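Let me begin by presenting the structure, written as structure tokens, before commenting on it.
Number of protein chains: 2
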Amino acid sequence: MLLVDDLVNPAVLEHANTGARIVHVGKRGGCKSTPQAFIEKLMVSETLAGEHVVRLKGGDPFIFGRGGEEIEALREAGIEASVINGITSGLAGLTSLNTPLTHRNHAHGVVFITGHAKPGDAGTDWRQLAQTAHDAKLTLVIYMGISGSEHIQQELLHGLPASTPAVVIQNASLPTQRHATTTLGELRHTIEREQLASPSIIVIGDVVRGVQALQQHPPASAARA
Amino acid sequence: MLLVDDLVNPAVLEHANTGARIVHVGKRGGCKSTPQAFIEKLMVSETLAGEHVVRLKGGDPFIFGRGGEEIEALREAGIEASVINGITSGLAGLTSLNTPLTHRNHAHGVVFITGHAKPGDAGTDWRQLAQTAHDAKLTLVIYMGISGSEHIQQELLHGLPASTPAVVIQNASLPTQRHATTTLGELRHTIEREQLASPSIIVIGDVVRGVQALQQHPPASAARA
Numbered sequence: 001m002l003l004v005d006d007l008v009n010p011a012v013l014e015h016a017n018t019g020a021r022i023v024h025v026g027k028r029g030g031c032k033s034t035p036q037a038f039i040e041k042l043m044v045s046e047t048l049a050g051e052h053v054v055r056l057k058g059g060d061p062f063i064f065g066r067g068g069e070e071i072e073a074l075r076e077a078g079i080e081a082s083v084i085n086g087i088t089s090g091l092a093g094l095t096s097l098n099t100p101l102t103h104r105n106h107a108h109g110v111v112f113i114t115g116h117a118k119p120g121d122a123g124t125d126w127r128q129l130a131q132t133a134h135d136a137k138l139t140l141v142i143y144m145g146i147s148g149s150e151h152i153q154q155e156l157l158h159g160l161p162a163s164t165p166a167v168v169i170q171n172a173s174l175p176t177q178r179h180a181t182t183t184l185g186e187l188r189h190t191i192e193r194e195q196l197a198s199p200s201i202i203v204i205g206d207v208v209r210g211v212q213a214l215q216q217h218p219p220a221s222a223a224r225a
Numbered sequence: 001m002l003l004v005d006d007l008v009n010p011a012v013l014e015h016a017n018t019g020a021r022i023v024h025v026g027k028r029g030g031c032k033s034t035p036q037a038f039i040e041k042l043m044v045s046e047t048l049a050g051e052h053v054v055r056l057k058g059g060d061p062f063i064f065g066r067g068g069e070e071i072e073a074l075r076e077a078g079i080e081a082s083v084i085n086g087i088t089s090g091l092a093g094l095t096s097l098n099t100p101l102t103h104r105n106h107a108h109g110v111v112f113i114t115g116h117a118k119p120g121d122a123g124t125d126w127r128q129l130a131q132t133a134h135d136a137k138l139t140l141v142i143y144m145g146i147s148g149s150e151h152i153q154q155e156l157l158h159g160l161p162a163s164t165p166a167v168v169i170q171n172a173s174l175p176t177q178r179h180a181t182t183t184l185g186e187l188r189h190t191i192e193r194e195q196l197a198s199p200s201i202i203v204i205g206d207v208v209r210g211v212q213a214l215q216q217h218p219p220a221s222a223a224r225a
């Protein structure tokens, strides 16, 4: 039995066992969204009924993929599960633009953070995060940040220069991927002008200069690295 | 032509074209280490000589993998390259322990950071990072942190409670992987007692409670999530 999210490429399902039941439990795009609690209950009840349950997601289930909640639900029911990493959009997006998230000379680390915390939670202190990212040379990768991008930009500007390079990548790793390079100071303006929408990741930091260099100097010959 | 790092599983090479030249350019383990500049020159010269060059690494080349430097060297020589993501040890390690790096209730994000910056660079302000990780609920994943772990621990304790759960995972994703759970306050002591050595990742944050829960309640039946 396959429980399949909306962001999973349909071509993946061609590899499924022909006898497998395929259930689409996506949370976006369709007319109805499947509540997380329902998915967890289904995983538990079908496994206890003797089914071999495979949960298919886009990206990495343990990076903003709610894999932690699903593992907890299974564990509470005494069910063993194994999780296989995928490529999270924060990695896939910048890689597709041939640009690293860390670099010995420019970035000593990277922060993956949600721009959209659970309702009711205290919001992220973006000013403090910006100061730390600046001082410790960290690339910022913001998931689900489009709707809050005006607020995030204004707050980050208290700790990072307006000239800090940024890129917004919509539909990272999908055939419909598109992106726009900008700066922190022009972030919101660029999102509006280019009509960039969810799902997008926003990457802010000096490493993004690599994307810009690429666009200015299109390479001549071909190799793989 | 394949340029292969030491951390690459030899089984991967069985998939190589039988006519391919395989060159081991690892930087650890052997009697001699291959300088990074030599590897970059080799990639450029062989590509310009008409070879199809594949650079094989363990983990993800754009997360502490020096992929950024190699892409720059190629770009300067006018050579086009494409990079394929791998699973970086910071993801593979905690996933193998069935534990998420982010969690809606416990961690709004994750920081991947090197414990071992380039010689001559100003060191990371671990106190500031600890405060930000605490306030913004970020999981800390420290690469190459074993040799500096005493200093890192002492500094992080200024911003995070000594009781913060931690886990050290040596040889993440390899058959020789082993780990020890601990707390930030007992980190150095645990590394010494368990003789944990490089390459290891250190994960610090509330999500690590998931590893501990797993060890206390071994699951009963089997499924895949």
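As given, the protein sequences belong to chains S and X, one line each in that order.
Residue numbers for the first sequence follow the UniProt record's numbering, so the first one is 1 and each next one is one higher.
Residue numbers for the second sequence follow the UniProt record's numbering, so the first one is 1 and each next one is one higher.
Idealized CB from N, CA, C, for every residue including glycine.
Because the structure is a prediction, the values reported are computed rather than measured.
Check whether the Cβ atoms of residue i and residue j lie closer than 7 Å to each other.
| i | j | result |
| --- | --- | --- |
| Ile-201 (chain X) | Gly-90 (chain X) | yes |
| Ala-130 (chain X) | Leu-94 (chain X) | no |
| Gly-26 (chain S) | Asp-6 (chain S) | yes |
| Thr-183 (chain S) | Val-211 (chain S) | no |
| Val-208 (chain S) | Val-167 (chain S) | yes |
| Gly-123 (chain X) | Met-144 (chain X) | no |
| Val-141 (chain S) | Phe-112 (chain S) | yes |
| Leu-101 (chain S) | Phe-62 (chain X) | yes |
| Glu-40 (chain X) | Ala-73 (chain X) | yes |
| Ile-22 (chain S) | Leu-42 (chain S) | no |
| Asn-85 (chain X) | Ile-169 (chain S) | no |
What does the alpha-carbon distance come out to for the pair residue i and residue j?
| i | j | result |
| --- | --- | --- |
| Arg-193 (chain S) | Glu-80 (chain S) | 48 Å |
| Gly-205 (chain S) | Gly-67 (chain S) | 28 Å |
| Thr-164 (chain X) | Leu-48 (chain X) | 52 Å |
| Thr-176 (chain S) | His-24 (chain S) | 21 Å |
| Thr-190 (chain S) | Ile-146 (chain S) | 11 Å |
| Glu-69 (chain X) | Arg-55 (chain X) | 13 Å |
| His-158 (chain X) | Ala-133 (chain X) | 12 Å |
| Arg-127 (chain X) | His-15 (chain S) | 49 Å |
| Ser-33 (chain X) | Gly-148 (chain X) | 22 Å |
| Arg-178 (chain X) | Ala-37 (chain X) | 33 Å |
| Ala-172 (chain S) | Thr-99 (chain S) | 14 Å |
| His-106 (chain S) | Thr-139 (chain S) | 9 Å |
| Pro-10 (chain X) | Pro-35 (chain X) | 21 Å |
| His-151 (chain S) | Arg-188 (chain S) | 9 Å |
| Ala-162 (chain S) | Val-44 (chain S) | 49 Å |
| Gln-195 (chain X) | Gln-153 (chain X) | 17 Å |
| Asn-17 (chain X) | Ser-96 (chain S) | 25 Å |
| Pro-119 (chain S) | Ala-197 (chain S) | 21 Å |
| Gly-30 (chain X) | Val-203 (chain X) | Reliability of the predicted coordinates at Gly-30 (chain X) is poor, the pLDDT of 49 falling under 50, and no value is obtained from them. |
| residue 232 (chain S) | Arg-75 (chain S) | Any property of residue 232 (chain S) remains undetermined from this structure, which presents chain S solely from 1 to 225. |
| Asp-125 (chain X) | Val-4 (chain S) | 43 Å |
| Val-8 (chain S) | Val-8 (chain X) | 28 Å |
| Glu-46 (chain S) | Pro-199 (chain S) | 30 Å |
Can you tell me which of the options puts its alpha carbon nearest to the alpha carbon of residue i?
| i | options | result |
| --- | --- | --- |
| Ala-117 (chain X) | S:Ala-37, S:Val-211, S:Ala-136, S:Leu-140 | S:Ala-136 |
| Leu-214 (chain S) | X:Ala-77, X:Pro-10, X:Ser-198 | X:Ala-77 |
| Leu-156 (chain X) | X:Leu-174, X:Asn-171, X:Glu-186, X:Arg-178 | X:Glu-186 |
| His-108 (chain X) | S:Asp-121, S:Val-203, S:Leu-174, S:Arg-104 | S:Asp-121 |
| Lys-57 (chain S) | S:Gln-153, S:Leu-196, S:Gln-154, S:Val-12 | S:Val-12 |
| Ala-92 (chain S) | S:Val-4, S:Gln-195, S:Leu-174, S:Leu-196 | S:Leu-174 |
| Thr-103 (chain X) | S:Val-4, S:Asn-17, S:Ile-71, S:Pro-199 | According to the sequence shown, residue 103 (chain X) is His rather than Thr. Ranking the options by Cα distance to His-103 (chain X), first place goes to S:Ile-71. |
Which residues of the segment 147-161 of chain S have a Cβ closer than 8 Å to any Cβ of chain X? Give them in chain order. Within the segment 147-161 of chain S, no residue qualifies.
Could you please tell me which residues of the segment 166-186 of chain X, in chain order, have their CB closer than 7 Å to any CB of chain S? Here the close residues number zero.
Positions along the segment 110-131 of chain S whose CB lies within less than 8 Å of some CB in chain X: Val-110, Val-111, Phe-112, Ile-113, Thr-114, Ala-117, Lys-118, Asp-121, Thr-124, Asp-125, Gln-128, Leu-129, Gln-131
With 9 Å as the limit, tell me which residues of the segment 93-106 of chain X have their beta carbon closer than that to any beta carbon of chain S; keep them in chain order. Close to chain S, meaning a Cβ-Cβ distance shorter than 9 Å, are the following residues of the segment 93-106 of chain X: Leu-94, Thr-95, Ser-96, Asn-98, Thr-99, Pro-100, Leu-101, Thr-102, His-103, Arg-104, Asn-105, His-106.
Which residues, taken in chain order from the segment 66-78 of chain S, show a beta carbon closer than 8 Å to some beta carbon of chain X? Arg-66, Gly-67, Gly-68, Glu-69, Glu-70, Ile-71, Glu-72, Leu-74, Arg-75, Gly-78
According to a CB-to-CB cut-off of less than 7 Å, which residues of the segment 2-34 of chain X neighbour chain S? none
Which residues of the segment 79-92 of chain X have a Cβ closer than 7 Å to any Cβ of chain S? Give them in chain order. Ile-79, Glu-80, Ala-81, Ser-82, Val-83, Asn-85, Ile-87, Leu-91, Ala-92
For the segment 188-209 of chain S, enumerate the residues whose C-beta is nearer than 9 Å to any C-beta of chain X, in chain order. From the segment 188-209 of chain S, only Val-207 have a Cβ closer than 9 Å to chain X.
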